[in-house]
Amino acid sequence: MGTSHSRSNNSDIFERFAYDTTKKYGEGGYGATYRAQEKATGTPLAVKIIDTRRMRQDAILKECQILEVLTHPSVISVKGHGKGSGAQQHLYFIFMELAGGGELFDQVIDRGANAMPEAVARTFFCQMLDGVAYCHLAGVAHRDLKLENVLLNEQGHLKLIDFGLSHVYPRHSDGTIDRSKSLHDVCGSKSYAAPEVLGGRGYDGFAADMWSLGVCLFAMLSGFFPLDEAAPNDWRFPKLVQAQAEKRSTTEAIYVWYKRSARHLSREVVHLLDSLLTINPAQRMTMGEAREHAWVKAVKFGGALPSDQGSFNHNDMLDNDELRYRGVGAAYELSEGMMIEDETDDMPVYRSLGGMGDEDFAAAAAAGPAPAMPMLGRQKARMNLLDPIELDSVGPA
4 MGTSHSRSNN
14 SDIFERFAYD
24 TTKKYGEGGY
34 GATYRAQEKA
44 TGTPLAVKII
54 DTRRMRQDAI
64 LKECQILEVL
74 THPSVISVKG
84 HGKGSGAQQH
94 LYFIFMELAG
104 GGELFDQVID
114 RGANAMPEAV
124 ARTFFCQMLD
134 GVAYCHLAGV
144 AHRDLKLENV
154 LLNEQGHLKL
164 IDFGLSHVYP
174 RHSDGTIDRS
184 KSLHDVCGSK
194 SYAAPEVLGG
204 RGYDGFAADM
214 WSLGVCLFAM
224 LSGFFPLDEA
234 APNDWRFPKL
244 VQAQAEKRST
254 TEAIYVWYKR
264 SARHLSREVV
274 HLLDSLLTIN
284 PAQRMTMGEA
294 REHAWVKAVK
304 FGGALPSDQG
314 SFNHNDMLDN
324 DELRYRGVGA
334 AYELSEGMMI
344 EDETDDMPVY
354 RSLGGMGDED
364 FAAAAAAGPA
374 PAMPMLGRQK
384 ARMNLLDPIE
394 LDSVGPA
């Protein structure tokens with residue numbers, strides 16, 4: 004891939020960029036992010052400095068190479084990257100676009116007990132949807148979509164980050180994406196991972212991303228996760244399986260568990276959430292359907308709710324003239340990397356909605372205390388979510 008070669012082997016990277024380690028934007032287990040600048044233009048940037056003694060360099064390069072072929076307003080852009088020299092030869096520097104407005108996660112927890120208004124959530128969600136749709140068009144399944152992996156710039160525009168767990172699908176000879184081979188990496192972040200990912204039976208990366216988008220939207224509107232994890236060891240999951248088998252609303256069922264009402268949510272967004280948080284990936288809403296949904300388009304249902312979503316088609320291709328990408332080319336030849344640096348190693352921050360539901364739930368509340376909600380907290384991405392004590396599998400090369 005010519006672009007990545009020229010960017011990742013710049014001998015003059017430190018002639019092009021300057022950085023300031025006195026201004027730290029974030030810190031993770033494998034490095035930290037600092038203030039930087041493009042010398043020629045004075046453009047403010049950020050630099051992620053990773054210790055290659057703790058993070059394999061091929062994993063670092065994988066993320067850089069993916070980002071270099073993705074050009075979209077909702078995807079963070081890499082300006083240059085390379086290894087240090089001399090006393091810094093164990094460090095890898097990634098200079099990237101500055102998104103200094105914080106995480107989308109902060110926009111949720113800073114509201115405390117107040118749910119995000121639908122109009123605000125729609126603005127954020129539609130930008131996420133556009134960015135993920137673009138990635139899918141380029142053959143990239145993110146596989147770790149979460150509120151912490153969405154940054155805001157000073158203008159409030161969202162930027163998808165952290166593609167270290169992403170999978171790049173190959174292409175057929177006619178240019179279409181080949182998703183015929185199931186993925187088996189049980190990776191991501193626990194509360195955002197799709198049921199089929201945690202089940203370890205093989206999955207489609209695009210469908211798994213749609214579930215994660217549903218979790219993000221649910222958290223924005225509710226202030227808590229729908230599940231701790233979409234697996235049988237979470238007591239909520241079998242209840243959700245039963246509710247969906249009985250064709251009940253997923254969103255309303257989750258709220259009832261905690262003796263709350265979902266009446267503050269429009270029926271359009273409840274339908275969207277139910278369709279994204281469908282356990283069976285063959286029946287889950289596709290990207291094309293989500294982009295055409297009434298709530299996304301800010302219109303009301305005219306009458307009855309839409310019919311159930313159709314089967315998931317592994318050969319579906321997005322067809323949107325507004326989406327542009329530089330060809331992934333040889334990107335799919337990259338080896339499957341391990342976990343890239345997660346920037347959220349700080350102590351978890353927990354918040355949940357306070358108070359009870361409306362008067363219709365008074366009788367249920369009187370019957371006893373509601374079960375504990377899955378509170379909203381920062382989560383660390385992992386390559387193997389099934390391993391309770393995962394060792395540092397991305398150690399020195």
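If you count by my numbering, then the sequence shown holds residues 4 to 400, one letter each, in order. Note that the Cβ used here is the ideal one computed from N, Cα and C, for glycine as well. Note that the structure is predicted; figures quoted are calculated from it, not measured.
Distance between beta carbons of residue j and residue i, contact taken as under 8 Å
| i | j | result |
| --- | --- | --- |
| N156 | A102 | 5 Å |
| W238 | V272 | Actually they do not touch by this definition, with Cβ atoms about 26 Å apart. |
| F98 | G83 | 5 Å |
| L70 | F108 | No, L70 and F108 are not in contact; Cβ-Cβ is about 21 Å, not under 8 Å. |
| L403 | A35 | The chain is shown from 4 up to 400; residue 403 falls before or after that span and cannot be answered. |
| F227 | P374 | The Cβ separation is near 12 Å, so there is no contact. |
| F209 | A144 | 6 Å |
Nearest-angstrom Cα separation, counted from residue j out to residue i
| i | j | result |
| --- | --- | --- |
| K193 | K242 | 18 Å |
| A62 | S80 | 18 Å |
| L276 | M58 | 36 Å |
| A211 | I282 | 10 Å |
| R3 | S185 | Residue 3 is absent from the model: the chain starts at 4 and stops at 400. |
| F240 | A285 | 18 Å |
| D322 | G142 | Here the model assigns D322 a pLDDT of 40, short of 50, so the residue's position is not dependable and the matter cannot be decided. |
| L279 | R385 | 23 Å |
| F442 | Y22 | Residue 442 lies beyond the range of the chain shown here (4 to 400); nothing can be said about it. |
| A293 | M131 | 12 Å |
| R287 | Y137 | 19 Å |
| L28 | K162 | Before going further, note that residue 28 is Tyr rather than Leu in the sequence given. Approximately 15 Å between the Cα atoms of the pair. |
| Y172 | D181 | 6 Å |
| V123 | Y95 | 37 Å |
| Q110 | G104 | 10 Å |
| E30 | A233 | 29 Å |
| E199 | G89 | 46 Å |
| F364 | E255 | Reliability of the predicted coordinates at F364 is poor, the pLDDT of 48 falling under 50, and no value is obtained from them. |
| E41 | V50 | 11 Å |
| D54 | E106 | 23 Å |
| L379 | L230 | 10 Å |
| D188 | T44 | 42 Å |
Buried versus exposed, by CB contacts within 10 Å (16 or more), residue i
| i | result |
| --- | --- |
| W214 | buried |
| D133 | buried |
| S169 | buried |
| D177 | exposed |
| H274 | buried |
| T24 | exposed |
| T74 | exposed |
| S314 | Legend: pLDDT at S314 = 37, less than 50; position of this residue unreliable, value from coordinates given subsequently. Exposed, by the Cβ-count rule. |
| Q68 | buried |
| K65 | buried |
| H2 | Not covered by the structure: residue 2. The range shown for the chain is 4 to 400. |
| P76 | exposed |
| F304 | exposed |
| G191 | buried |
| D345 | Unreliable placement is indicated for D345, whose pLDDT of 37 sits below 50; the coordinate value is still reported in the next sentence. Flag for D345 reads buried. |
| E121 | buried |
| L224 | buried |
| D390 | exposed |
| Q60 | exposed |
| G85 | buried |
Residue i - containing beta strand (DSSP E), residue span
| i | result |
| --- | --- |
| I53 | P47 to D54 |
| L154 | V153 to L155 |
| T24 | F20 to E30 |
| L293 | Reading the sequence as shown, one finds Ala at residue 293 and not Leu. That residue, A293, is in no beta strand (DSSP E); its alpha helix (DSSP H) goes M290 to R294. |
| L101 | Looking at the DSSP string, L101 is not in any beta strand (DSSP E), and its letter there is neither H nor E. |
| L161 | L161 to L163 |
Limits of the alpha helix (DSSP H) - the one that residue i falls within
| i | result |
| --- | --- |
| G83 | No alpha helix (DSSP H) contains G83, which is instead part of the beta strand (DSSP E) from V81 to K86. |
| A62 | Q60 to E71 |
| Q245 | R239 to A248 |
| G134 | E121 to L140 |
| Y258 | T253 to W260 |
| E106 | From DSSP, E106 is part of no alpha helix (DSSP H); its letter is neither H nor E. |
| G34 | Note, G34: premise wrong, no alpha helix (DSSP H); beta strand (DSSP E) at G34 to E41. |
| L216 | G208 to S225 |
| V299 | No alpha helix (DSSP H) holds V299; DSSP gives it neither H nor E. |
| R270 | R270 to L279 |
| P198 | P198 to G202 |
Any 3 or more C-beta pairs closer than 8 Å across the segment 244 to 252 and the segment 216 to 223: Judged by Cβ distances under 8 Å, the segment 244 to 252 makes no contact with the segment 216 to 223, as fewer than three pairs qualify.
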